[in-house]
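Colleague: Taking our numbering, the leading residue of the sequence shown gets 56, the next gets one more, and so forth. C-beta atoms are modelled at their ideal positions from N, C-alpha and C, and glycine is treated no differently. Attaching a single structure in structure tokens format; questions to follow.
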Amino acid sequence: MRILKFGGSSVGTPERVRGVAEIIQRRYQELEGDALVVVSAFQGVTDELCALPALAARGADYASRLVALGRRHLAAVGELLPPDARAPALDSVRATLAEVGALLGEACDAGVVAPALADAVMSAGERLSAQIVAASLRAAGLPALYLDTRPLVLTNDHFGAAHVQIAATYQRIQAWRAALVGDHLGGAPLAVATGFIAATADGRTTTLGRGGSDYTAALFGAALDAEEIEIWTDVDGVMSADPRAVPDAFTLPVLTYAEAMELAHFGAKVIFPPTMRPAMAKAIPLRVKNTFNPDGPGTRIAATRPPLDRPITGLTSISDITLLRLEGSGMIGIPGVAQRLFAALACQRISVILVTQASSEHSICLALDPRATAEAVEAIEAEFVEEMSAGEVDPVIIQPDCSIIAVVGEAMRQRPGIAGAIFAALGQRGVNVIAIAQGSSELNISQVIAREDEARALNAIHDAFFTAHRPEVNIFLAGAGLVGAALLRQIAELAPVGNAEGPRVRLRGLITTSRMLLAADGADLSPTSWRDDLASQGQPTDLDAFTGRVLATRLPNVTLVDCTASGALPARYAGLLRAGVSVVTPNKRGPAGSLALAAEHRQLAQRSGARYLYETTVGAALPVIGALRDLLVTGDVVERVEGVLSGTLSYLFNSFDGSQPFSALVRDAQRRGYTEPDPRDDLGGVDVARKLLILARELGLPLELRDVRSEPLLTEDCLRASGVEAFYEALARDDARYEAQRAEAASAGRVLRYIARLEAGAASVGLRAVGLDSPFARLSGADNMIVFTTRRYYERPLVIQGPGAGAEVTAAGVLTDILRVAQSPLLARPHTLK
Ligand code: ADP
Ligand code: ASP
Ligand code: MG
Numbered sequence: 056m057r058i059l060k061f062g063g064s065s066v067g068t069p070e071r072v073r074g075v076a077e078i079i080q081r082r083y084q085e086l087e088g089d090a091l092v093v094v095s096a097f098q099g100v101t102d103e104l105c106a107l108p109a110l111a112a113r114g115a116d117y118a119s120r121l122v123a124l125g126r127r128h129l130a131a132v133g134e135l136l137p138p139d140a141r142a143p144a145l146d147s148v149r150a151t152l153a154e155v156g157a158l159l160g161e162a163c164d165a166g167v168v169a170p171a172l173a174d175a176v177m178s179a180g181e182r183l184s185a186q187i188v189a190a191s192l193r194a195a196g197l198p199a200l201y202l203d204t205r206p207l208v209l210t211n212d213h214f215g216a217a218h219v220q221i222a223a224t225y226q227r228i229q230a231w232r233a234a235l236v237g238d239h240l241g242g243a244p245l246a247v248a249t250g251f252i253a254a255t256a257d258g259r260t261t262t263l264g265r266g267g268s269d270y271t272a273a274l275f276g277a278a279l280d281a282e283e284i285e286i287w288t289d290v291d292g293v294m295s296a297d298p299r300a301v302p303d304a305f306t307l308p309v310l311t312y313a314e315a316m317e318l319a320h321f322g323a324k325v326i327f328p329p330t331m332r333p334a335m336a337k338a339i340p341l342r343v344k345n346t347f348n349p350d351g352p353g354t355r356i357a358a359t360r361p362p363l364d365r366p367i368t369g370l371t372s373i374s375d376i377t378l379l380r381l382e383g384s385g386m387i388g389i390p391g392v393a394q395r396l397f398a399a400l401a402c403q404r405i406s407v408i409l410v411t412q413a414s415s416e417h418s419i420c421l422a423l424d425p426r427a428t429a430e431a432v433e434a435i436e437a438e439f440v441e442e443m444s445a446g447e448v449d450p451v452i453i454q455p456d457c458s459i460i461a462v463v464g465e466a467m468r469q470r471p472g473i474a475g476a477i478f479a480a481l482g483q484r485g486v487n488v489i490a491i492a493q494g495s496s497e498l499n500i501s502q503v504i505a506r507e508d509e510a511r512a513l514n515a516i517h518d519a520f521f522t523a524h525r526p527e528v529n530i531f532l533a534g535a536g537l538v539g540a541a542l543l544r545q546i547a548e549l550a551p552v553g554n555a556e557g558p559r560v561r562l563r564g565l566i567t568t569s570r571m572l573l574a575a576d577g578a579d580l581s582p583t584s585w586r587d588d589l590a591s592q593g594q595p596t597d598l599d600a601f602t603g604r605v606l607a608t609r610l611p612n613v614t615l616v617d618c619t620a621s622g623a624l625p626a627r628y629a630g631l632l633r634a635g636v637s638v639v640t641p642n643k644r645g646p647a648g649s650l651a652l653a654a655e656h657r658q659l660a661q662r663s664g665a666r667y668l669y670e671t672t673v674g675a676a677l678p679v680i681g682a683l684r685d686l687l688v689t690g691d692v693v694e695r696v697e698g699v700l701s702g703t704l705s706y707l708f709n710s711f712d713g714s715q716p717f718s719a720l721v722r723d724a725q726r727r728g729y730t731e732p733d734p735r736d737d738l739g740g741v742d743v744a745r746k747l748l749i750l751a752r753e754l755g756l757p758l759e760l761r762d763v764r765s766e767p768l769l770t771e772d773c774l775r776a777s778g779v780e781a782f783y784e785a786l787a788r789d790d791a792r793y794e795a796q797r798a799e800a801a802s803a804g805r806v807l808r809y810i811a812r813l814e815a816g817a818a819s820v821g822l823r824a825v826g827l828d829s830p831f832a833r834l835s836g837a838d839n840m841i842v843f844t845t846r847r848y849y850e851r852p853l854v855i856q857g858p859g860a861g862a863e864v865t866a867a868g869v870l871t872d873i874l875r876v877a878q879s880p881l882l883a884r885p886h887t888l889k
């Protein structure tokens with residue numbers, strides 16, 4: 056015996072009923088008739104029937120909606136049955152509708168909706184659909200028989216979600232089946248049974264709770280010792296998450312009963328939670344299958360399953376809950392507080408979805424259906440009225456608009472690190488966890504979060520545990536100038552060998568000063584054809600739309616890469632970092648901007664778990680900031696930081712040997728492309744001061760740019776000269792002074808270098824004469840050099856030297872930071888947990 060249950064989603068339209076009929080015919084043959092069908096109401100019908108009594112009781116117009124509902128069923132009969140078979144079906148449909156009409160009339164007269172009446176009205180949905188499906192199977196030549204399950208499924212009178220009396224129900228089903236088989240010795244007809252509906256011992260109609268048709272199927276399966284219970288729905292099975300919220304969700308091939316129950320309890324609507332109980336008691340497997348893809352394997356739910364290659368099986372959520380918190384000093388160490396709290400709620404039949412209590416016993420936090428909030432608060436405050444008036448217990452604190460995310464899996468037991476990985480995934484996407492609960496069964500870790508974070512949270516956890524084993528960094532690039540373009544080239548060529556196991560860099564958006572291009576959902580932009588794509592598919596630049604998309608992107612490691620030199624993007628870093636978006640940049644405007652802004656950015660990143668990486672702002676790809684941080688975290692004490700931080704100034708003074716005047720040297724450097732178009736941009740020293748400021752702040756010094764003492768290299772005349780030629784003329788007038796400085800240094804065995812220095816909390820930049828034993832004396836070409844003198848590197852300081860500018864090396868440094876985002880200290884782990 057097999058039970059085949061078809062949900063409302065499978066019988067939404069006559070077209071779909073036809074599809075279901077084909078599946079039933081095929082299964083009927085394969086099973087040689089040993090089957091029983093259970094159906095739900097047509098899609099949406101129960102919702103409608105649920106709404107009508109209240110309308111009627113309010114005196115509002117329900118009749119037109121009832122007529123529409125009637126038409127829908129009558130039309131289905133017309134479409135599904137041949138003319139000569141229609142009359143009896145139309146009659147029985149009309150009779151059921153008339154019954155509903157009479158009940159609604161009663162509600163209208165009474166002005167209130169009795170729960171028993173609501174159930175009687177709702178029961179019509181399944182009766183109508185089962186009659187129509189049975190008739191259309193008969194029309195297709197199958198010996199189908201309509202079965203109203205009310206006389207068989209016996210419940211108490213808890214209308215709306217009645218409790219089934221299992222033993223009596225099984226007896227009745229078995230007796231019915233025996234009689235049916237006895238009456239049809241040549242082979243019993245195929246029963247098409249109503250799901251969801253039942254009756255009390257005295258024959259009043261009840262229902263089993265919304266979604267309860269699955270449960271009816273399990274009851275019949277268990278009573279008749281079925282080999283399997285097939286739940287046919289509109290998705291390929293139970294999925295790793297609700298596919299409507301998590302686009303990457305995939306079908307789970309196998310689940311244990313306990314896992315399915317846990318997922319179902321916490322919101323996975325695909326199967327009604329009590330369904331597992333009868334199946335589990337008789338060890339009957341359930342199979343969830345898709346009517347739109349009947350040949351797919353579906354999901355098998357059974358007592359055990361083969362091990363998975365990951366610790367969690369699936370995740371789910373309850374979208375709308377309210378948190379209530381009871382706290383107060385009078386609760387500490389007093390036995391019975393929890394018992395009184397729950398008893399007060401139980402008296403009002405309020406079900407508690409989740410509970411947490413800190414071990415201080417100072418507060419207990421409960422999650423409830425929001426509709427029960429007022430009643431629950433009233434019940435609790437009545438119970439603790441004395442303690443509250445004595446100030447020992449505070450008034451109940453209500454936190455509405457929350458969601459619960461539940462992560463479920465039997466393999467989480469005894470496995471460390473899962474909760475950490477979940478929180479890391481949430482933290483990285485900026486989701487705050489309000490409360491958590493994990494029972495000692497370790498089957499479910501639940502976290503309460505703000506409702507607005509629900510989709511982000513589900514996707515973050517799903518990405519962390521289920522998506523491609525290779526982590527991804529999803530970048531939005533601002534600026535496609537020299538560095539940006541070099542970066543795109545390097546991404547396109549990202550070493551297939553060196554980075555084979557490493558993170559995949561995916562370009563999701565690109566913005567330049569004039570145009571921008573955003574990838575379609577789930578797609579990437581090409582790092583090779585971006586120039587053409589920007590021209591052909593791009594749109595005019597709109598920074599709000601661009602950052603809006605960055606914030607809305609539900610992917611792991613979303614990162615803004617700011618390769619601009621403007622202040623427009625740094626002004627938006629805060630909003631991005633706060634939301635968990637990482638920022639990687641060679642743009643000094645952020646980290647060397649105002650102290651308040653720079654500090655805020657660092658704090659926001661720390662708080663949300665996003666990365667804020669700007670290694671390339673000092674010395675391009677040279678590992679300067681990283682080295683400094685490593686020194687600090689390992690407890691070294693930095694006494695002094697000195698550096699030649701400008702390639703241009705490095706070149707000028709490394710080459711200044713007296714063989715030509717200083718001004719000629721600058722001209723020559725400009726010809727070779729070593730300077731900005733206006734060399735004063737390099738010689739002015741502001742850029743070097745910004746870099747030093749960034750290093751100072753890494754050391755925790757609260758400095759602003761104006762605090763960096765700068766000894767100007769150029770005279771006022773040079774700075775004020777209008778135009779580059781006039782500048783050179785002014786500079787030539789100083790040649791003698793520069794030469795004198797050089798010669799004086801040389802005679803003392805020294806050379807001139809333009810050095811940035813941090814010492815004893817003070818920062819300065821300027822021209823210095825250094826001895827030949829100084830590392831700076833050995834500098835050549837346009838190299839940068841940074842020298843750290845620390846308690847550990849004291850006699851011989853730590854020296855970092857190399858090219859500190861240029862598009863290729865800067866882009867390489869930016870790429871290194873991008874890859875680092877995927878190694879976030881917080882989030883790196885989930886990927887390795889698989
Ligand atoms: P039926 O009408 O067949 O009973 P339901 O609407 O009750 O179908 O349940 C199927 C729906 O459950 C799916 O369309 C899907 O959106 C939703 N759903 C929620 N969580 C999950 C999950 N983990 N796996 C599959 N579907 C889920
Ligand atoms: N028709 C009922 C409902 O919509 C039962 C079910 O579909 O399982 O809740
Ligand atoms: Mg359902």
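Kindly give me the distance between the Cβ atoms of residue 514 and residue 609, rounded to whole angstroms, as I take these residues to be in contact under 8 Å.
Modeller: 4 Å
Colleague: Grab me the residues of residue 967's own chain with a C-beta within less than 6 Å of its C-beta, minus the 5 sequence neighbours each way, in chain order.
Modeller: With the chain covering 56 to 889 only, the question about residue 967 has no answer from this structure.
Colleague: Let me check you understand the geometry: is the CB of residue 298 closer than 7 Å to at least one non-hydrogen atom of the ligand ADP?
Modeller: yes
Colleague: Let me know the secondary structure DSSP gives residue 710 once reduced to three states.
Modeller: When secondary structure is reduced to three states using DSSP, residue 710 falls in the helix class.
Colleague: Can you grab the Cα-Cα spacing for the pair residue 57 / residue 275, in whole Å?
Modeller: 9 Å
Colleague: Just to confirm the assignment: which complete alpha helix (DSSP H) runs, minimum length 4, are found wholly within the stretch 166-228?
Modeller: 170-194
Colleague: Any idea what DSSP makes of residue 642, helix, strand or coil?
Modeller: coil
Colleague: Using only alpha-carbon positions, find the residue among 520, 860, 640 and 558 that is nearest to residue 702.
Modeller: 860
Colleague: Please state whether the Cβ-Cβ distance between residue 631 and residue 605 is less than 8 Å.
Modeller: Yes.
Colleague: Any idea what DSSP makes of residue 840, helix, strand or coil?
Modeller: strand
Colleague: In chain order, what residues place their C-beta within less than 5 Å of a heavy atom belonging to the ligand MG?
Modeller: 62 and 266
Colleague: Establish whether the CB of residue 247 and some CB of chain D are separated by less than 8 Å.
Modeller: Of the protein chains in the structure, only one exists, and it is not chain D.
Colleague: Just how far apart, CA to CA, sit residue 387 and residue 491?
Modeller: About 20 Å.
Colleague: I need the straight-line Cα distance from residue 883 to residue 506, nearest angstrom please.
Modeller: Note that residue 883 has pLDDT 36, beneath the 50 cutoff, so the model's placement of it is unreliable and the number below is only indicative. Roughly 26 Å separates the two Cα atoms.
Colleague: Please identify the residue among 463, 350, 520 and 466 whose C-alpha is closest to the C-alpha of residue 481.
Modeller: 520
Colleague: Measure the alpha-carbon distance for residue 670 versus residue 642 and round it to whole angstroms.
Modeller: 10 Å
Colleague: Is residue 75 near the ligand ADP, in the sense that its beta carbon is under 7 Å from a heavy atom of that ligand?
Modeller: no
Colleague: For residue 382, does the count of other Cβ atoms within 10 angstroms reach 16, so buried, or fall short, so exposed?
Modeller: buried
Colleague: Taking the CB atoms as reference points, tell me whether residue 252 and residue 178 lie closer together than 8 Å.
Modeller: yes
Colleague: Taking 7 Å as the cut-off, is the CB of residue 248 close to at least one heavy atom of the ligand ADP?
Modeller: False, no ligand heavy atom lies under 7 Å from that Cβ.
Colleague: If you run the structure through DSSP and keep just helix, strand and coil, what is residue 469?
Modeller: coil
Colleague: Quick test of your reading: residue 710 and residue 839, contact by CB under 8 Å. State the CB separation rounded to the nearest angstrom.
Modeller: So it is not a contact: roughly 15 Å between Cβ atoms.
Colleague: Taking the continuous beta strand (DSSP E) assigned at residue 441, which residues delimit it?
Modeller: It is not in any beta strand (DSSP E) - residue 441 instead sits in the alpha helix (DSSP H) that spans 440-444.
Colleague: From 90, 257, 328 and 264, pick the residue whose C-alpha is nearest to that of residue 243; which is it?
Modeller: 90
Colleague: Can you tell me where the alpha helix (DSSP H) with residue 746 in it begins and where it stops?
Modeller: It spans 741-753 - the alpha helix (DSSP H) in which residue 746 sits, taken as one unbroken run.
Colleague: How is the alpha helix (DSSP H) around residue 407 delimited, first residue to last?
Modeller: That residue, residue 407, is in no alpha helix (DSSP H); its beta strand (DSSP E) goes 407-412.
Colleague: Is it the case that the CB of residue 195 approaches a heavy atom of the ligand ASP more closely than 7 Å?
Modeller: Residue 195 has its CB no nearer than 7 Å to any heavy atom of the ligand ASP.
Colleague: So if DSSP puts residue 858 in a beta bridge, which residue, or which two residues, is it bridged to?
Modeller: 838
Colleague: Since residue 200 contacts residue 246 with CB under 8 Å, what's their CB separation in whole angstroms?
Modeller: Going by Cβ atoms, the distance from residue 200 to residue 246 rounds to 5 Å, so yes, they are a contact pair.
Colleague: Which of the three DSSP states, helix, strand or coil, is assigned to residue 348?
Modeller: coil
Colleague: For the beta strand (DSSP E) that contains residue 418, what are its first and last residues?
Modeller: 418-423
Colleague: In whole angstroms, what separates the C-alpha of residue 886 from that of residue 574?
Modeller: Residue placement at residue 886 is flagged as unreliable, the pLDDT there being 31, under the threshold of 50; the coordinate-derived value follows with that caveat. Using only the alpha carbons, I get a separation of about 25 Å.
Colleague: Just verifying my parser: in three-state terms, what is the DSSP assignment at residue 886?
Modeller: Confidence in residue 886 is poor, its pLDDT being 31 and thus under 50, which makes the residue's placement unreliable; the coordinate value appears in the next sentence. Here residue 886 sits in helix by DSSP.
Colleague: What residues match up with residue 79 in a beta bridge as DSSP calls it?
Modeller: Beta-bridge pairing links residue 79 to no other residue.
Colleague: Within the same chain, show all residues whose beta-carbon is closer than 6 Å to that of residue 360, passing over the 5 residues directly before and after it, in chain order.
Modeller: 309 and 311
Colleague: Pair every Cβ in the stretch 225-233 with every Cβ in the stretch 276-290, then say whether three or more of these pairs are closer than 8 Å.
Modeller: Enough Cβ pairs lie closer than 8 Å, so yes.
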